[in-house]
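See structure below.
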Amino acid sequence: MAEAALIDGKAFAQALRARVGEYAAAFAHQAGRRPGLAVVLVGDDPASQVYVGAKGKACAAAGMASFEHRLPADTSEAALLSLIERLNQDEAVDGILVQLPLPGQLDEQAIIAAINPDKDVDGFHIINAGRLAVGQTGFVPCTPLGCIMLLKDRLGDLSGLEAVVIGRSNIVGKPMAQLLTEANATVTIAHSRTRNLPEVVRRADIVVAAVGRPEMVRGDWIKPGATVIDVGINRLPPEPGKDRGRLVGDVAFAEALEVAGAITPVPGGVGPMTIAVLLRNTLIAAYAHAGMPAPEGL
Ligand code: NAD
Numbered sequence: 001m002a003e004a005a006l007i008d009g010k011a012f013a014q015a016l017r018a019r020v021g022e023y024a025a026a027f028a029h030q031a032g033r034r035p036g037l038a039v040v041l042v043g044d045d046p047a048s049q050v051y052v053g054a055k056g057k058a059c060a061a062a063g064m065a066s067f068e069h070r071l072p073a074d075t076s077e078a079a080l081l082s083l084i085e086r087l088n089q090d091e092a093v094d095g096i097l098v099q100l101p102l103p104g105q106l107d108e109q110a111i112i113a114a115i116n117p118d119k120d121v122d123g124f125h126i127i128n129a130g131r132l133a134v135g136q137t138g139f140v141p142c143t144p145l146g147c148i149m150l151l152k153d154r155l156g157d158l159s160g161l162e163a164v165v166i167g168r169s170n171i172v173g174k175p176m177a178q179l180l181t182e183a184n185a186t187v188t189i190a191h192s193r194t195r196n197l198p199e200v201v202r203r204a205d206i207v208v209a210a211v212g213r214p215e216m217v218r219g220d221w222i223k224p225g226a227t228v229i230d231v232g233i234n235r236l237p238p239e240p241g242k243d244r245g246r247l248v249g250d251v252a253f254a255e256a257l258e259v260a261g262a263i264t265p266v267p268g269g270v271g272p273m274t275i276a277v278l279l280r281n282t283l284i285a286a287y288a289h290a291g292m293p294a295p296e297g298l
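Residues in the sequence shown are numbered from 1 upward in steps of one, following this note's numbering.
Encoded structure:
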């Protein structure tokens, strides 16, 4: 059988960012201000600093305003809640993102609950989780929304396809399963207590792996021709003489390539979609905030 096709998330994300940039310029022209995203970072976690920096740069590149709030690690809950309230009221801010994880003294659920759901561009507020659960329009978490975009682009209609989502986190697995259900796939959610995971995965026309275990899904778990979306981002220990280890996904890529119909690489698959969808969600929030109809095709 021929090798699997590569699903080029990087190219898809670039095209989405370009479309968002065009609409952001049109929005600024009509509304008299740029769409604005506020990003809040508490503490000095190095990975979070990289993510927040990347989000700020992506906003600027798309012609959006980015408001960065970097707070010390010992920030109190009252201080963070008061910042969120200011951002909720701020007319220049369309989207609010609080970078997770938060330091231990802060209750993540309470902080997310304080964000105005209409500015919750990460889609983590329970109002938005509820909207997704009952099929209403709302903000959907960026990573699973990016995955469903890639799947629809690759496969077109997903009706009746068997989909297995490995992982049940609120950020990826659960919303992913809901989006696939909404798209009329037959969905199984597998997780750490699933019995005989390889058997379950072998049923799937679509496999979405969101586990956080390097190369856990082996090639012989995959049904020939299946479409594989690898959400995992895992860094292996460095090889001798190297400073940093390789980045790998949750799927044993070289093995899966021999069996699957199509697969996302790591890096360059799902990863670039997350920020592109964040910009897209912020633009949608801006249109709604300004009382203007959102453009089609985003
Ligand atoms: P999480 O730790 O919150 O959830 C992991 C899930 O995997 C859990 O629901 C658990 O039940 C399941 N699991 C754990 N061990 C398992 C096993 N042996 N068999 C089957 N299921 C098992 O993680 P998350 O936030 O959902 O992220 C998952 C992965 O996706 C991580 O590697 C993370 O870095 C990556 N991620 C990537 C992006 C991106 O932008 N590409 C965004 C978010 C997360």
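Every residue gets a Cβ at the ideal spot worked out from N, C-alpha and C, and that includes glycine.
If you count every other CB in all the chains shown that lies within 10 Å of the CB of V93, and 16 or more means buried, which is it?
The residue is buried, with at least 16 neighbouring Cβ atoms inside 10 Å.
Does the distance from the CB of L100 to the CB of R70 come in under 7 angstroms?
The Cβ atoms of L100 and R70 do not sit closer than 7 angstroms to each other.
CB E230 to CB G249, shorter than 7 angstroms?
Rather than Glu, the amino acid found at residue 230 in this sequence is Asp. Yes. Within cutoff.
Is H69 a contact residue of the ligand NAD, with contact defined as CB to any heavy atom under 6 angstroms?
no
Measuring only from the beta carbon, is G297 closer than 6 angstroms to any heavy atom that is part of the ligand NAD?
no
Buried or exposed: E22, going by 16 or more other Cβ atoms within 10 Å of its Cβ?
E22 should be labelled exposed.
Can you grab the Cα-Cα spacing for the pair A65 / G268, in whole Å?
26 angstroms
Classify V42 as helix, strand or coil using the three-state DSSP reduction.
Strand at V42.
Contact between the region 254-272 and the region 103-113 (3+ Cβ pairs under 8 angstroms):
no
Cβ contact (3+ pairs, closer than 8 angstroms) linking the region 135-150 and the region 75-89:
As far as the Cβ criterion goes, the region 135-150 does not touch the region 75-89, which means the pair count is below three.
Would you decide whether G53 is buried or exposed? Buried here means 16 or more other CB atoms lie within 10 Å of its CB.
exposed
Candidates V50, A288, L106: closest to E91 by CA position:
When only C-alpha atoms are compared, the closest one is A288.
Consult DSSP for N234 and reduce its assignment to one of helix, strand or coil.
strand
What does the shell around the ligand NAD hold, if a residue joins when its beta-carbon is under 6 angstroms from any heavy atom?
T143, I166, G167, R168, S169, I171, V172, G173, A190, H191, S192, T194, L197, A210, V211, G212, R213, V231, G232, I233, N234, V270, G271, T274
CA-to-CA distance, R168 to R193, given in whole angstroms:
11 angstroms
Going by the CB atoms, is the gap between P214 and N234 shorter than 7 angstroms?
Contact: yes.
Where G32 falls: helix, strand or coil (DSSP)
coil
How would you label M292, buried or exposed, when you count the other beta carbons within 10 angstroms and need 16 or more for buried?
exposed
In terms of residues, what are the limits of the beta strand (DSSP E) holding I166?
162-166
Starting from the Cα of A252, find the closest Cα among D153, D243, I222, G245 and give me that residue.
I222
Helix, strand or coil for L158, going by three-state DSSP, please let me know.
coil
Ends of the beta strand (DSSP E) at L97?
95-98 is the span of the beta strand (DSSP E), which, as asked, contains L97.
Check S66 in the structure and name its three-state DSSP category.
strand
N- and C-terminal bounds of the alpha helix (DSSP H) containing I111
108-114
K152: which of N128, L179, C142, I189 sits nearest, CA to CA?
L179
According to the neighbour-count rule (16 or more other Cβ atoms, all chains shown, within 10 Å of its Cβ), is G160 buried or exposed?
Burial state of G160 is exposed, judged by a 10 Å Cβ sphere holding fewer than 16 other Cβ atoms.
Which word fits H125, buried or exposed, when buried means at least 16 other C-beta atoms lie within 10 angstroms of its C-beta?
buried
Any chance you could list the beta strand (DSSP E) runs of at least 3 consecutive residues sitting entirely within the region 195-266, in chain order?
206-209, 227-230
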